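Asker: Counting from 1, position 7 in the sequence shown corresponds to residue 7 in full-length UniProt numbering; the numbering is continuous, with no gaps. C-beta: ideal position from N, C-alpha, C; glycine also. This one's a predicted model, so the numbers in the text were calculated from it and none came from an experiment.
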Amino acid sequence: MREDVKWFKPNNGSKPPQALLQLNSYPVCPDPSRAMGLAPHTDSSLLTLLYQSNTSGLQVLHGNSGWVTVPPLAGALVVNVGDLMHILSNGRFKTTLHRAVVNKAEHRISVAYFFGPSRDAKISPLIEVD
Numbered sequence: 001m002r003e004d005v006k007w008f009k010p011n012n013g014s015k016p017p018q019a020l021l022q023l024n025s026y027p028v029c030p031d032p033s034r035a036m037g038l039a040p041h042t043d044s045s046l047l048t049l050l051y052q053s054n055t056s057g058l059q060v061l062h063g064n065s066g067w068v069t070v071p072p073l074a075g076a077l078v079v080n081v082g083d084l085m086h087i088l089s090n091g092r093f094k095t096t097l098h099r100a101v102v103n104k105a106e107h108r109i110s111v112a113y114f115f116g117p118s119r120d121a122k123i124s125p126l127i128e129v130d
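1. Would you mind reading off the limits of the alpha helix (DSSP H) that contains Leu88?
2. With a threshold of 8 Å on Cβ separation, who are the neighbours of Pro16 within its own chain once the five nearest residues in sequence on each side are excluded?
3. Does the count of Cβ pairs from the segment 87–94 and the segment 19–28 closer than 8 Å reach three?
4. Where does the unbroken beta strand (DSSP E) through Pro40 begin, and where does it stop?
5. Report the rounded CA-to-CA distance for Phe115 versus Asp43, giving the unit in angstroms.
6. Mark Val81 as exposed unless 16 or more other C-beta atoms lie within 10 angstroms of its C-beta, in which case mark it buried.
7. Can you tell me which of the three DSSP states Gly116 falls into?
8. Please classify Arg92 as buried or exposed, where buried requires at least 16 neighbouring CB atoms within 10 angstroms.
Structural data, given as C-alpha cells:
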C-alpha cells in the first residue's frame, strides 16, 4: 500500500498562494530586428495563464524547430508550465522557454497571470512519477 505523499503542503498559519497579474504593452517598432519585446526566459511560477490580443508576438523554443510563433486564438488562454511545476513533477511537465517579439505593424497587448504557492509553503518533487 502506497502512502500519500504531501508534495505541496502549506505550513500551519500559511499565507495564501501567490498570484500576480501583469499587463504588457509592446508598441509598434519601426525595426523589429533591432529590438526585443521580452528576452527569452522561463516563468518561476507554478503555472502562467496568458491572454494575447489579436496581435502575435509570443514565441516558444520548440526543439530543433527553433523559435515558433504561438498564434493568438480568440477566446483562448495560453497555459505555460513554470519552473516550480517542472520541479514538482520531476520533469514530467516541462517548463516553457519563451519570449515576446515586437512587430512594425501593430501594437500588442498581453495579460499574464502567474500562480504559485505562498513563500512559506514546503514543496518537494514527487518521489516517483508513473
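Answerer: Reading it off the structure:
1. Annotation for Leu88: the continuous alpha helix (DSSP H) segment containing it runs 83–88.
2. Ser118.
3. A contact is defined here as three or more CB-CB pairs under 8 Å, and the segment 87–94 fails this definition with respect to the segment 19–28.
4. Run containing Pro40: 38–41, per the beta strand (DSSP E) assignment.
5. Going by the C-alpha atoms only, they are around 10 Å apart.
6. The residue in question, Val81, is buried, as its Cβ has 16 or more Cβ neighbours within 10 Å.
7. In this structure, Gly116 counts as strand in the three-state DSSP scheme.
8. Sixteen is the threshold: since fewer than 16 other Cβ atoms of the shown chains lie within 10 Å of the Cβ of Arg92, the residue is exposed.
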